[in-house]
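Here the UniProt record's numbering is used: the first residue of the sequence shown is 1, the next is one more, and so on. Ideal placement from N, C-alpha and C gives every residue a C-beta, glycine not left out.
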Amino acid sequence: MIVTMIVIAEVGFWVLLVGGLSVRYLLRRPRAGAAILMCEPVLELALLVATVIDLRDGATASTRHGLAAMYIGFSVAYGHYTMTWADRHFAYRFAGGPKPAKPPKYGMARATHEWKMWLRTALGAGIAAGLLQLAVWFVDDPDRTASLRDMQAPMGMVVGIWLLVALSYTLWPKKDPAGPAGGVPAGPAGGGHGLDAEPGVERRPAWQQAVERVTHRDR
């Protein structure tokens with residue numbers, strides 16, 4: 001039941017989002033569209049109630065209950081951000097609004113963006129970990145809540161990894177390849193990242209570059 005509720009909540013989020021924006025911009029009824037969008041938190045509330053009822057009825061806490069807590073936490077943290085992003089793109093495509101600006105890629109502007117994303121991630125992980133702990137206290141049976149306790153540590157790992165990403169962009173700001181000089185000179189043999197790189201070539205640690213490859217570049 002819990003997994004089904006998670007799927008319903010996710011599908012429902014996008015249905016309400018597209019429906020609300022369609023009413024706002026295509027039917028030109030902003031108040032009605034806003035009312036539809038305001039129904040989105042009901043989905044998280046329904047999932048929370050379903051999880052509580054399942055645990056109250058004696059179910060052994062498992063990964064599905066942990067996923068419900070994680071879904072609620074990150075939906076709260078990223079829900080408004082996602083809705084704002086979709087609203088701007090919808091307005092641009094269907095209502096003649098300004099073209100949405102992409103997240104910054106270079107310099108301290110990128111670092112600031114990453115810190116904001118880290119704060120959202122920390123909020124989502126904190127809410128998820130808190131809900132997991134509340135479930136442990138609610139059940140009050142270590143044998144039934146072991147899986148919930150096991151899922152709390154990964155929340156800290158997620159926050160820690162994102163913290164490293166934000167710190168890396170702060171300590172080693174990514175330079176614009178099309179800088180004021182019209183471009184960055186290439187280092188020897190086309191490398192440009194070693195000790196013999198020419199002046200002006202961006203130097204970033206290898207681990208940061210690896211993290212970038214597995215994270216979304218333009219969130």
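Distances from the CA of Pro177 to each of Lys105, Leu47, Val15 were compared; the closest alpha carbon is that of Lys105.
Remark: fewer than three beta-carbon pairs, one from each stretch, lie closer than 8 Å, so the stretch 24 to 32 and the stretch 60 to 76 are not flagged as touching. Fewer than three pairs of CB atoms, one per stretch, sit closer than 8 Å, so the stretch 44 to 54 makes no contact with the stretch 93 to 108. Secondary structure remark: continuous alpha helix (DSSP H) runs of at least 4 residues inside the stretch 152 to 180, in chain order: 152 to 171. Sequence-distant Cβ neighbours of Trp14 in its own chain, meaning closer than 7 Å and more than five residues away, do not exist here.
Collapsing the DSSP output to three states places Arg28 in coil. The DSSP-derived three-state label of Ser62 is coil. Just measuring C-alpha positions, the residue of Pro41, Thr121, Asp143, Arg149 sitting nearest Leu134 is Arg149. Judged by their CB atoms, Tyr71 and Ala111 are not nearer to each other than the 8 Å cut-off.
Around the CB of Asp87, 16 or more other CB atoms lie within 10 Å, so the residue is classed as buried.
Within the model, the alpha-carbon separation for Ala46 versus Lys174 is close to 43 Å. Considered as a whole, the stretch 64 to 120 harbours no complete run of any beta strand (DSSP E) with no fewer than 3 residues. Around the beta carbon of Trp162, a 10 Å sphere encloses 16 or more other beta carbons of the protein chains shown; the residue is thus reported as buried. Taking 8 Å as the cut-off, the Cβ atoms of Val76 and Glu44 count as close.
For the set Ile36, Ile2, Thr4, Val7, the Cα lying nearest the Cα of Leu16 is the one of Ile36. In the displayed model, Asp140 falls within coil according to three-state DSSP, outside both helix and strand.
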